[in-house]
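Accompanying notes for the structure given below.
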Amino acid sequence: MSADMIADLAASTLGAAAPIAAAALGGLFTATAGSLSVALEGSILVGAFAAAAVGQAGQSLALGMAAGALAGALLSLLVATAAIALRADVFVAGLAANVLAPGAASAISQAVFGTKGVLPAEAIAVGAAPSASIGRSILDQGPAFYALVGAVILLAVAHSKSVFGLRVRASGEGEDAARAAGISPDRYRFAAHLVSGAASGLAGAALACGVAAFVPGMSAGRGWIALVAVYLGGRKPAGVALACLLFGFLLALSNLAQGLSSQAASGAELLQAMPYLATAIAFVLWKRRERQARSGTAHRGANGPIA
Amino acid sequence: MTDADAAPRSSRAARRALALGSALVLAALYAAAASREPLKALYAFFASPFASGYAIFSLIEKAAPILACAAGACLALRAGAFNLGGEGQAAVGALASAVAIEAMTPTGASPVLAIAVALGAAALAGAVLAWLSAAAEEWSGADIMLTSFLLSQAAIAAVDWAVGTALREEGSNLLAMARVPDAYRLPRLAPPSSLSAAAPASLAAALIALFVLRGTRAGLEIELSGRNRDFAAAVGISPRVRSGAMTASGALGGLAGALLVLGQAGRAIKGMTGGVGWDGLSVALIAGTDPLASVPAALFFSWLDAGARQGSLIADLSPDASAIMKAAALFLVTAAAIGGGAARKGRSASSRGRGMDRAGDRGAAGEAQGSTG
Chain Y
5 MSADMIADLA ASTLGAAAPI AAAALGGLFT ATAGSLSVAL EGSILVGAFA AAAVGQAGQS
65 LALGMAAGAL AGALLSLLVA TAAIALRADV FVAGLAANVL APGAASAISQ AVFGTKGVLP
125 AEAIAVGAAP SASIGRSILD QGPAFYALVG AVILLAVAHS KSVFGLRVRA SGEGEDAARA
185 AGISPDRYRF AAHLVSGAAS GLAGAALACG VAAFVPGMSA GRGWIALVAV YLGGRKPAGV
245 ALACLLFGFL LALSNLAQGL SSQAASGAEL LQAMPYLATA IAFVLWKRRE RQARSGTAHR
305 GANGPIA
Chain X
417 MTDADAAPRS SRAARRALAL GSALVLAALY AAAASREPLK ALYAFFASPF ASGYAIFSLI
477 EKAAPILACA AGACLALRAG AFNLGGEGQA AVGALASAVA IEAMTPTGAS PVLAIAVALG
537 AAALAGAVLA WLSAAAEEWS GADIMLTSFL LSQAAIAAVD WAVGTALREE GSNLLAMARV
597 PDAYRLPRLA PPSSLSAAAP ASLAAALIAL FVLRGTRAGL EIELSGRNRD FAAAVGISPR
657 VRSGAMTASG ALGGLAGALL VLGQAGRAIK GMTGGVGWDG LSVALIAGTD PLASVPAALF
717 FSWLDAGARQ GSLIADLSPD ASAIMKAAAL FLVTAAAIGG GAARKGRSAS SRGRGMDRAG
777 DRGAAGEAQG STG
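Protein chains in written order, with the numbering used here: chain Y, 5 to 311; chain X, 417 to 789.
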């Protein structure tokens, strides 16, 4: 493997990991607040759509990114309202948001732009793609990528160091204690949903920037992968980021291998299964190790029944 | 016990009907607002799916695989297992049935035998995929919700490769395997419409799921495992019950794939599952994880799809607009759960989400010490 290839692999690993990491760190807030959002996938998709639509209309990358984050937050507002204000089930509400996202994007696209398919947006094509494409250096990733890196760092610090992050965690871990301290857990859960939606929307916006268009289905399971990363990363920011890098690396490796084997194309497509399979195996092995480590320690009665 | 159980069955059904009705009102508003020809759009959306026997039969045929997936989702959800892999389970089922038919065609096997083998192969393939998640959870505590999704994604990629490349029919301009010979397709019940034996087969699947849940000891054990795993363990219910429900759920997902191949599509086509697993899960949640209530809910989803399709052909609506109405129905059903609602099983989803990490430990604690419940 040449040095160029290693640099390519590193660059595409970072590019593939960044959007997933942004969504995952957003999702981490909901996971630790005790109201896990499964709507990351939907927020990524509406974020991508809003970034393409608004960014193109306003001829501005920054406007597109902002619109993406806002759209993602709006979708999660729906989930939070249903789950927290209306006491709906948060899993079902999140699933509903994921069903809504592609339908809403398509219907708006059809009504406003007269297209139900790809929505081109050259205006947001500034810089290179935060995707696992081959042939660029590590630092040449474009502004959308750096916006994601900034968001990831900000979210990680906010989660572990800020008062807001502490209160979010308190809402999930010790609801009664949080109440006794004068914190309304529901308010922080609500906020956690908005954070997860905005972060996922930003991730979607970066994806749209990467291909200078909105493409139906372009979230492609990244929101679910982000949820896996939350748990694979042990619900800690650094671990979550590492889990995203692992998946990004697997994705980059799979794309690189597909690129290399394009002449003998027959088996290349099968490689797309690899990142998912490898992540599943890593997740299972990690949980097994965790279980073994814990079953060695003293008995744990303090958890209480959760179901 | 939740409020939902205290509420009479009829009032829960009424709430669900209200949610579906509201979704239809929303559909009407959308059709009228988004189209430049509102009357045409309204007709397309609401009337044209019922305009002829042909249209109605097609609607029923398209509901069949959704219902099979929904019946499976009901079993898994009742056991507290969030099977997010329905899409992949249907995909491997579709591939398995197509491969079985291709293998048996040269042997000249009787249609009954060939179809039975194809359906069996499909159910087995879906069951194995789902069982992997269940077994992984028993072994490690890795949550079914996440592994079932990951394995499903991997399976879809593999099936796409198999159908679109490795086993693709030579010379075909479709990314598809060879057509299923007419003799080996499910009998057509009302030609020229696509209605086939897939419809009664999926109804039978739903009724069997209903019988298992309501009328058998296994159903009771599934119910108890879903409600409280610690309690289930304490009264001696094996975690295998939950795995069994998950595996059966996968079998029904696989069956849905075969119903597509041997029924309406007549061949395995790349990407043919097209959301049937997700639709099945949504239908099961809207139906309050009741296989019988899943029948009208699946027909409702099929109607929304047909309406949106017609709306895009006859008028200027988006063919994907049905997703908005499906989402609305889901939101409304679960929000209607305020007073004790439909998504009763879903309710444990949120608490499980809260304790997802701990769920694994509980499994471990259960094994290590028996349970303190």
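We put the CB at the ideal spot given by N, CA and C, even for glycine. Please read these numbers as outputs of a predicted model, since none were measured by experiment.
C-beta contact flag for residue i and residue j at 7 angstroms
i, j, result
"A573 of chain X", "G504 of chain X", "no"
"A100 of chain Y", "A743 of chain X", "yes"
"A714 of chain X", "I702 of chain X", "no"
"I638 of chain X", "A495 of chain X", "yes"
"A26 of chain Y", "L152 of chain Y", "yes"
"C490 of chain X", "P655 of chain X", "no"
"S200 of chain Y", "T34 of chain Y", "yes"
"I476 of chain X", "L611 of chain X", "yes"
"G205 of chain Y", "S47 of chain Y", "yes"
"Q63 of chain Y", "S734 of chain X", "no"
"A217 of chain Y", "A233 of chain Y", "no"
"L720 of chain X", "M688 of chain X", "no"
"L312 of chain Y", "G59 of chain Y", "The question about residue 312 of chain Y has no answer here: the residues shown for chain Y are numbered 5 through 311."
"S175 of chain Y", "A181 of chain Y", "no"
"S556 of chain X", "R91 of chain Y", "no"
"A480 of chain X", "A614 of chain X", "yes"
"A71 of chain Y", "A55 of chain Y", "yes"
"A52 of chain Y", "L159 of chain Y", "no"
"L746 of chain X", "S438 of chain X", "no"
"F253 of chain Y", "T85 of chain Y", "no"
"A516 of chain X", "V528 of chain X", "no"
"L483 of chain X", "A592 of chain X", "no"
"P220 of chain Y", "A739 of chain X", "no"
"L640 of chain X", "A648 of chain X", "yes"
"R601 of chain X", "G682 of chain X", "yes"
"A203 of chain Y", "G19 of chain Y", "no"
"I24 of chain Y", "R226 of chain Y", "yes"
Chain X contact residues for residue i, given Cβ-Cβ distances below 7 angstroms
i, result
"T283 of chain Y", "L566"
"V232 of chain Y", "L562, L566"
"K291 of chain Y", "S556, G557, A558, G776"
"L78 of chain Y", "Those do not exist, as L78 of chain Y stays about 14 angstroms from chain X at its closest Cβ, beyond 7 angstroms."
"Q276 of chain Y", "A573"
Distance between beta carbons of residue j and residue i, contact taken as under 8 angstroms
i, j, result
"T487 of chain X", "G670 of chain X", "Sequence check: residue 487 of chain X is Ala here, not Thr. So it is not a contact: roughly 12 angstroms between Cβ atoms."
"Y192 of chain Y", "V167 of chain Y", "Their Cβ separation, rounded to whole angstroms, is 11 angstroms, which puts Y192 of chain Y and V167 of chain Y out of contact at 8 angstroms."
"A684 of chain X", "L511 of chain X", "6 angstroms"
"L562 of chain X", "L231 of chain Y", "7 angstroms"
"G98 of chain Y", "A43 of chain Y", "4 angstroms"
"L458 of chain X", "A448 of chain X", "6 angstroms"
"A530 of chain X", "S665 of chain X", "26 angstroms between Cβ atoms; not a contact."
"S474 of chain X", "S609 of chain X", "5 angstroms"
Counterpart residues of residue i in DSSP-defined beta bridges
i, result
"I685 of chain X", "X:A592"
"L123 of chain Y", "Y:F218"
"S612 of chain X", "X:R604"
Cross-chain neighbours of residue i in chain X, by beta carbon under 8 angstroms
i, result
"A106 of chain Y", "It should be noted that the sequence gives Pro, not Ala, for residue 106 of chain Y. The answer, in chain order, is D736, A739."
"S110 of chain Y", "S734, P735, D736, A737, A739"
"Y280 of chain Y", "L566, L567, Q569, A570, A573"
"E312 of chain Y", "Residue coverage of chain Y in this structure runs from 5 to 311, which leaves residue 312 of chain Y outside it and unanswerable."
8 angstroms Cβ cut-off: residues of chain Y touching residue i
i, result
"F461 of chain X", "Near F461 of chain X there are no residues of chain Y at all, since even the closest Cβ is about 12 angstroms away, more than 8 angstroms."
"T632 of chain X", "The premise fails here: T632 of chain X is roughly 22 angstroms from chain Y at the closest Cβ pair, so nothing lies under 8 angstroms."
Under 9 angstroms from the C-beta of residue i: neighbouring residues of chain Y
i, result
"F717 of chain X", "Result: empty, since nearest Cβ-Cβ is about 10 angstroms, beyond 9 angstroms."
Partners in chain X for residue i, counting only beta-carbon separations shorter than 9 angstroms
i, result
"Q114 of chain Y", "A450, S728, D732, L733, S734, P735, D736, A737"
"K120 of chain Y", "S728, S734, P735, D736"
Chain-ordered neighbours of residue i on chain Y, where CB pairs are closer than 7 angstroms
i, result
"T563 of chain X", "A284, F287, V288"
"L455 of chain X", "Within 7 angstroms Cβ-Cβ: nothing; L455 of chain X doesn't reach chain Y, min ~17 angstroms."
"K392 of chain X", "Here chain X covers residues 417 to 789 and nothing more, so residue 392 of chain X does not appear."
"L746 of chain X", "V96, L99, A100, V103"
"A751 of chain X", "A86, L90, A92"
Neighbouring residues, chain B, relative to residue i (Cβ below 8 angstroms)
i, result
"G225 of chain Y", "This model lacks chain B altogether, as its protein chains are Y and X."
Handout entry: Members of the segment 535-557 of chain X that neighbour chain Y once the beta carbon cut-off is set at 9 angstroms
Key = Residues of the segment 535-557 of chain X with a Cβ closer than 9 angstroms to any Cβ of chain Y, in chain order: L548, S549, A552, E553, W555, S556, G557.
Handout entry: the segment 693-720 of chain X: positions lying closer than 8 angstroms to chain Y by Cβ
Key = Listed by position, the residues of the segment 693-720 of chain X near chain Y (Cβ gap below 8 angstroms) are W694, L697, S698, L701.
Exercise for the section: Please name the residues in the segment 575-601 of chain X whose beta-carbon is closer than 8 angstroms to at least one beta-carbon of chain Y, in chain order. Expected result: For the segment 575-601 of chain X, the residues whose beta carbon sits under 8 angstroms from a beta carbon of chain Y are, in order, D576, W577, G580, T581, A582.
Problem - Contact residues within the segment 497-516 of chain X, judged by C-beta distance below 9 angstroms to chain Y - result: Listed in sequence order: F498, L500.
Handout entry: Positions along the segment 668-697 of chain X whose CB lies within less than 8 angstroms of some CB in chain Y
Key = Residues of the segment 668-697 of chain X that bring their beta carbon within less than 8 angstroms of a beta carbon in chain Y comprise W694, L697, in sequence order.
Exercise for the section: Select from the segment 639-669 of chain X all residues with a C-beta closer than 9 angstroms to any C-beta belonging to chain Y, and list them in chain order. Expected result: Listed by position along the chain: G642, R643, N644, R645, D646, F647.
Handout entry: Members of the segment 153-180 of chain Y that neighbour chain X once the beta carbon cut-off is set at 9 angstroms
Key = Listed by position along the chain: G176.
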